[in-house]
Amino acid sequence: MNAHVQSQAFAAAHEDGIAPGEVLLSVNNVSLSFGGVKAITDISFDIRKGEIRAIIGPNGAGKTSMLNVINGFYTPQQGTILFRGVERRAMKPHHAVRQGIARTFQNVALFKGMSTLDNIMAGRSTLMKRNIGWQMLWHGPALAEEIEHRKVVEEIIDFLEIQHIRRTPVGRLPYGLQKRVELGRALAMEPSLLLLDEPMAGMNLEEKEDMSRFILDVNQQRGTTIALIEHDMGVVMDLSDRVVVLDYGKKIADGTPDEVKNNQAVIDAYLGVPH
Amino acid sequence: MTQDAATLDTFPKYLLHNAERFGNRPAMRLKDFGIWQTWTWREQLEEVRAFALGLQSLGVGHGTKVAVIGANRPRLYWAIAALQSLRAIPVPVYADAVAEEMAYVLNHAGVVMAVVQDQEQVDKVLSFSDQIPALKTLIYDEPRGLANYDHTNLKSFAELQDVGRALMRSDANAAKRWEEGVRAAEGGDISIMLYTSGTTGRSKGVMIQSGPGVKATRDTVEFDGLTEKDSVLAYLPLAWVGDHYLNYAQGYVSGFCVNCPESQDTVAQDLREIAPTFYFAPPRVFESLLTAVTIRMEDASRFKKWLFARFIAHARRHGEAILERRPVPLAARLLYWLGDILIYGPLKNVLGMSNIRVAYTAGEAIGEDLFSFFRSLGINLKQLYGQTEAFLYVTVQANGHVRADAVGPAAPNVDIRISESGEVLFKSPGMFAGYYLDDEMTKEVLTPDGYVMTGDAGFFDKDGQLRIIDRAKDVGRLKNGALFAPKYIENMLKFYPNIKEVVAFGDGRDFCAAFINIDLTAVGDWAERNNISYASYQELAAHPLVYEMIGRHVDEANLKLSREPVMAGAQVRRFLILHKELDADDGELTRTQKVRRRFIAERYHELIEALYDGSTEKYVETEVTYEDGRKGRIRGTLRIVDARIYDAPVETLHREAAE
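From first to last, the protein sequence lines stand for chains A and B.
Count the first sequence with the working numbering and you get residues 1 to 275, in order.
Count the second sequence with the working numbering and you get residues 1 to 659, in order.
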């Protein structure tokens with residue numbers, strides 16, 4: 001008889017030896033410029049293990065650049081980044097993935113012609129141990145490994161409630177579901193730090209509520225640390241533990257949602273000040 | 001059968017029996033994590049037993065009422081069996097009921113415990129738990145999201161099963177005692193309490209006794225020849241008598257396999273994978289399937305379209321005859337065989353209907369065209385008529401004696417009678433034992449000699465099949481005494497795609513007349529193809545060509561009515577096309593899109609008078625409410641048109657079934 005699979009509330013996040021509440025990643029005096037344009041100027045903040053950390057700011061404030069610095073896509077000209085207490089050297093994004101950092105994008109970046117299942121399986125590729133030769137043979141150990149990965153992916157599909165689109169090419173899905181698939185692919189990497197770039201952009205209220213629920217569940221059930229950029233202030237204030245506010249590449253505030261909400265510099269940045 | 005049928009008078013007895021006779025056959029499947037998980041009858045027995053012993057440790061026993069709330073999940077079906085095995089009373093509740101409704105049912109039933117599916121249901125029940133002090137314990141199936149809840153009165157299904165299993169380990173006789181309890185139970189117990197959906201007033205708790213329930217089930221299982229080799233997909237609401245009867249009751253009695261879909265959204269895919277042999281769906285499901293097929297064929301290549309049209313036309317001509325084993329010319333048979341390879345087979349495969357032996361539809365009238373489309377493909381689709389009070393079956397069509405406009409003769413061992421007023425009355429083996437805590441209501445629906453009043457008006461046709469025409473309270477008479485059943489006439493007209501809504505009048509009048517709403521999509525599409533420009537619904541509705549087209553439909557409907565002796569008196573003599581669509585925002589329809597007759601009669605009384613005073617047009621002004629709540633007025637002059645009336649003798653009802 002077949003063994004009945006039981007949900008193990010799927011595998012916990014990367015074990016990284018850092019206790020909850022301790023600093024997982026810290027950004028120290030980082031500056032980044034493209035030619036003469038200064039995208040980020042002397043920014044410092046940290047992300048603690050187990051928290052949901054929001055990065056907000058008006059358009060062009062440098063939020064996405066900050067995320068790109070964190071996951072190694074950009075290398076800052078000045079300043080240091082410590083991840084799990086180790087200083088980061090110049091590196092490629094896939095190194096960041098191996099270290100346990102995964103992300104989603106502002107504009108959905110999925111493989112449009114591939115099914116939901118294949119897209120999420122793609123998230124497992126850095127965790128596959130067999131080389132391409134084995135994968136092509138797709139037999140013996142490679143098959144066994146694939147089955148293991150598939151189990152994890154099925155748990156993610158179950159978790160995100162996207163069973164009905166398992167076999168649908170993602171290009172045919174509505175935007176809200178594509179965003180969910182993208183989150184699924186990031187989760188498949190079993191990250192200890194998950195970066196979400198505007199996870200709710202372009203969603204309707206119901207989709208936003210669903211997404212918020214999933215983000216909270218990921219955070220609480222898996223213990224995954226999350227850093228997110230979001231424009232919907234309601235969502236940010238409800239979800240996040242701490243918020244860092246950027247404006248014109250500078251940090252203007254950092255604290256709990258309530259502190260940030262009442263900060264004069266933040267109010268000025270969002271509403272504008274008379275000149 | 002190895003055991004005498006008389007000793008098997010409860011469903012848990014069948015569970016023990018099936019574990020013996022079909023031990024290694026699948027009893028339940030659930031698609032989980034992308035894979036169909038199977039439980040055999042023996043394993044199902046083990047699951048039910050473990051849960052039952054867990055429940056017993058919480059004090060559940062004879063007569064304890066326990067709610068079961070959620071989707072079609074194996075554990076919820078097991079909960080029902082486990083409760084029955086302890087002679088407790090399961091009370092399934094519609095999972096999508098709003099909190100207030102659910103609170104009413106839980107309170108009325110006096111449940112002390114609820115077995116629910118997931119966090120959503122836990123939250124819902126907790127939200128009104130202060131209103132139901134009797135409710136002590138909640139048991140949930142899926143633990144997700146519940147980790148941080150206060151677990152003093154909240155337990156997981158698995159946890160309770162563990163308690164049960166531990167009991168069996170520590171006490172070797174625990175399992176045996178449980179089994180003895182099951183065997184000692186008798187058919188007089190209430191096996192389930194099903195709450196009616198409550199479209200008319202508060203929902204009522206229909207009590208079904210296990211003995212009669214099993215008996216009725218055995219009759220229908222035999223009628224359709226269901227065996228342990230059959231399979232069904234359980235996707236209907238758990239709290240509905242249809243699901244409980246067709247899947248749970250018939251599953252236990254015949255031993256077939258119940259398959260639970262992965263989620264509500266995957267039903268179509270799961271259906272394709274399972275390809276059940278027994279299937280039930282309300283007419284609108286078949287309608288949406290046909291629409292989906294039609295739309296997909298629109299996108300097909302020209303050759304495929306031609307092929308499809310060619311073979312479907314052939315199937316429509318001979319398919320039903322082949323299904324019913326009537327004589328068909330050899331050439332037609334060969335072409336049908338070819339069509340089966342090229343079109344019908346693949347189409348049925350896509351719909352998940354390749355293996356269907358018996359399929360039923362019920363609940364509302366089904367269009368002749370729609371009905372025969374599925375039958376012509378070789379799907380044995382039949383109709384039944386049933387009620388919660390009957391434990392489903394009242395009438396059922398036998399293989400080979402199937403029609404779209406009737407619901408069949410009385411089901412096995414059911415006795416049907418038509419009352420003086422034309423109402424359908426029945427007495428059946430599975431008949432309910434009464435409404436819970438509502439003797440008055442029970443008395444109201446029972447005749448002195450023990451027949452149940454269905455509230456539906458109907459009559460027996462020449463070949464002995466029952467035809468339901470309308471709710472009994474809506475049926476009236478014309479001045480000349482001819483029967484007037486508004487819904488029957490309306491449905492007949494509504495089967496034309498161009499007609500969206502109809503309101504028929506005639507009770508106490510000289511003749512029957514009707515308001516008609518055109519279907520903007522269908523008629524708009526027609527207008528586009530015929531180069532008719534229009535700016536609004538009102539303009540299109542008033543177009544002479546539209547009137548002509550609708551007039552033809554009314555003529556045809558009248559012709560059909562004239563062929564039916566009982567109905568011929570109420571042909572539509574005059575009609576008008578309304579200047580606005582009937583809308584729930586204006587109170588003309590209910591939120592479930594049903595016509596509110598009385599309200600419309602009041603609101604448009606001028607138009608009704610115009611229908612009967614012989615005028616050919618009438619000026620009206622009507623207030624409308626827009627979606628954003630603003631109000632406006634629509635005014636215009638409506639034409640009133642005479643339709644052709646066909647001669648036919650007016651006969652009286654057949655009161656007895658012609659058997």
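Using N, Cα and C, we set each Cβ at its ideal position, and we do this for glycine too.
Just so we're clear, the structure is a prediction, and the values are computed from it rather than from any experiment.
Opposing strand residues paired with residue i [DSSP bridges]
i	result
A:Ser26	A:Asp46 and A:Leu82
B:Phe505	B:Ala513
B:Asp456	B:Arg471
B:Pro26	B:Thr40
B:Gln387	B:Leu392
B:Glu623	B:Arg633
B:Arg165	Beta-bridge pairing links B:Arg165 to no other residue.
Local Cβ density within 10 Å of residue i, reported as buried at 16 or more and exposed below that
i	result
B:Trp178	buried
B:Ala535	exposed
A:Leu187	buried
A:Trp138	exposed
B:Lys443	exposed
B:Asp586	buried
B:Asp9	buried
A:Val273	exposed
B:Ile139	buried
B:Arg630	exposed
B:Ala172	exposed
A:Ser240	buried
B:His62	exposed
B:Asn148	exposed
Short CB-CB distance (under 8 angstroms) between residue i and chain B
i	result
A:Glu182	no
A:Ala12	Summary for A:Ala12: the model assigns pLDDT 47, below 50, so the residue's position carries little reliability; its value from the coordinates is reported in the next sentence. No, no contact with chain B.
A:Arg89	no
A:His164	yes
A:Asp241	no
A:Asp217	yes
A:Val5	For A:Val5, the predicted structure reports a pLDDT of 44, less than 50, and the residue's modelled location is therefore unreliable. A value from the coordinates is still provided. Yes - at least one Cβ of chain B is within 8 angstroms of the one on A:Val5.
A:Asp158	yes
A:Gln8	Because A:Gln8 carries a pLDDT of 46, less than 50, the predicted location of this residue cannot be relied on, and the following value inherits that uncertainty. So, not an interface residue.
A:Glu148	no
A:Glu145	no
A:Glu155	yes
A:Glu161	yes
heavy atom of the ligand MG below 7 angstroms from residue i C-beta
i	result
B:Glu389	Ligands are entirely absent from the displayed structure, and the ligand MG is therefore not among its contents.
Residue nearest to residue i in terms of C-alpha spacing, selected from the options
i	options	result
B:Glu324	B:Ser372, B:Leu338, B:Arg296 and B:Ala281	B:Ser372
B:Glu186	B:Arg165, B:Pro12 and B:Ala50	B:Pro12
B:Ala643	B:Glu564, B:Met549, B:Gly587 and B:Phe599	B:Met549
A:Leu143	A:Lys112, A:Glu154, A:Arg130 and A:Val152	A:Arg130
A:Ile209	A:Gly100, A:Asp238 and A:Met66	With the sequence shown as reference, residue 209 of chain A is identified as Glu, and Ile is not the correct amino acid for it. Among A:Gly100, A:Asp238 and A:Met66, the Cα nearest to that of A:Glu209 belongs to A:Asp238.
A:Thr256	A:Pro274, A:Val236, A:Gln77 and A:Lys250	A:Val236
B:Asp32	A:Asp158, A:Ile43, A:Val152 and A:Pro169	A:Asp158
B:Gly400	B:Asp463, B:Gly110, B:Ala482 and B:Val502	B:Asp463
B:Met113	B:Ala67, B:Phe157 and B:Ile80	B:Ala67
A:Ile52	A:Gly62, A:Gly79 and A:Val243	A:Val243
B:Ser421	B:Leu483, B:Val105 and B:Asn18	B:Leu483
B:Val285	B:Gln250, B:Ser263, B:Leu236 and B:Gly255	B:Leu236
A:His231	A:Phe34, A:Pro58 and A:Leu24	A:Pro58
Chain A contact for residue i (CB, 8 angstroms cutoff)
i	result
B:Asn196	It should be pointed out that residue 196 of chain B corresponds to Thr in this sequence rather than to Asn. Not an interface residue.
B:Gly345	no
B:Ser231	no
B:Glu159	no
B:Ser263	yes
B:Gly54	no
B:Thr637	no
B:Phe22	no
> Is the segment 367-382 of chain B close to the segment 427-439 of chain B, with three or more CB pairs under 8 angstroms?
Replying inline: no
> Is the segment 60-68 of chain A touching the segment 160-171 of chain A, taking contact as three or more C-beta pairs under 8 angstroms?
Replying inline: no
>> Is it the case that the segment 292-305 of chain B contacts the segment 382-394 of chain B, given that we only count it when at least three CB pairs across the two stretches are under 8 angstroms?
In response: no
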